[in-house]
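Read through the structure below, which is laid out as structure tokens, and then see the notes.
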Amino acid sequence: MLKEAKKRNIYKRIFCVALTDKQISEIQTGEFDGLICAGTLLAGHIKAAALDEMVRIVKHGGIICFNMRDGQLDDYLEKINELERTGRWEMISKNAVSFFETEEMPRETYAFLFRVLRN
0 MLKEAKKRNI YKRIFCVALT DKQISEIQTG EFDGLICAGT LLAGHIKAAA
50 LDEMVRIVKH GGIICFNMRD GQLDDYLEKI NELERTGRWE MISKNAVSFF
100 ETEEMPRETY AFLFRVLRN
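What follows is the structure, given as structure tokens:
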């Protein structure tokens, strides 16, 4: 994916780093206007503590968008609420969105939008 992104020649910087609870040294606080995280907020992939780093790297007033299956929400709800309670972000919306059309997979996911208030 990064090779394909480089071919487009539209990105200032491209790097591959893990999104964890640790600060990503290559990214400055408030560096990005927004952040989209799709299909990765699952137990075993990205832990709830990584939401702090997502907030840190998005500028004040910037938007964070991610999706999460209903069954995964419990793993992240405490951190989501903490970030709201401490004034670091505010929820703009939470909407159920069609996800899979097969019986074996979840039928919907939740799409979240948050505005960063404080890094």
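Numbering follows numbering that gives the first Met the number 0, in which position 31 of the sequence shown is assigned residue number 30; successive positions increment by one, without gaps.
Beta carbons are placed, not taken as given, at the ideal position from N, Cα and C, and that holds for glycine.
May I have a chain-ordered list of the alpha helix (DSSP H) segments no shorter than 4 residues that lie completely inside the region 13 to 92?
For the region 13 to 92, whole alpha helix (DSSP H) runs of length 4 or above, ordered along the chain, are 49 to 56 and 72 to 84.
Can you give the Cα-Cα distance for I56 and K93, rounded to whole angstroms?
Between I56 and K93, the C-alpha separation is close to 22 Å.
Helix, strand or coil: which one does DSSP assign to R117?
Three-state DSSP puts R117 in coil, outside helix and strand.
Got a sec, what are the start and stop residues for the alpha helix (DSSP H) K11 sits in?
Note, K11: premise wrong, no alpha helix (DSSP H); not H, not E.
Can you tell me the Cα-Cα spacing of A49 and S24, whole angstroms?
Going by the C-alpha atoms only, they are around 14 Å apart.
Between A42 and the rest of its own chain, which residues show a CB-CB distance below 7 Å, the 5 nearest in sequence each way excluded?
These residues qualify, in order along the chain: Q71 and D74.
From this set, K11, E3, F113 and L18, which residue's C-alpha is nearest F65's C-alpha?
The shortest Cα separation from F65 among K11, E3, F113 and L18 belongs to F113.
Indicate whether D32 and D51 have their beta-carbon atoms separated by less than 8 Å.
Not in contact: D32 and D51 (Cβ atoms no closer than 8 Å).
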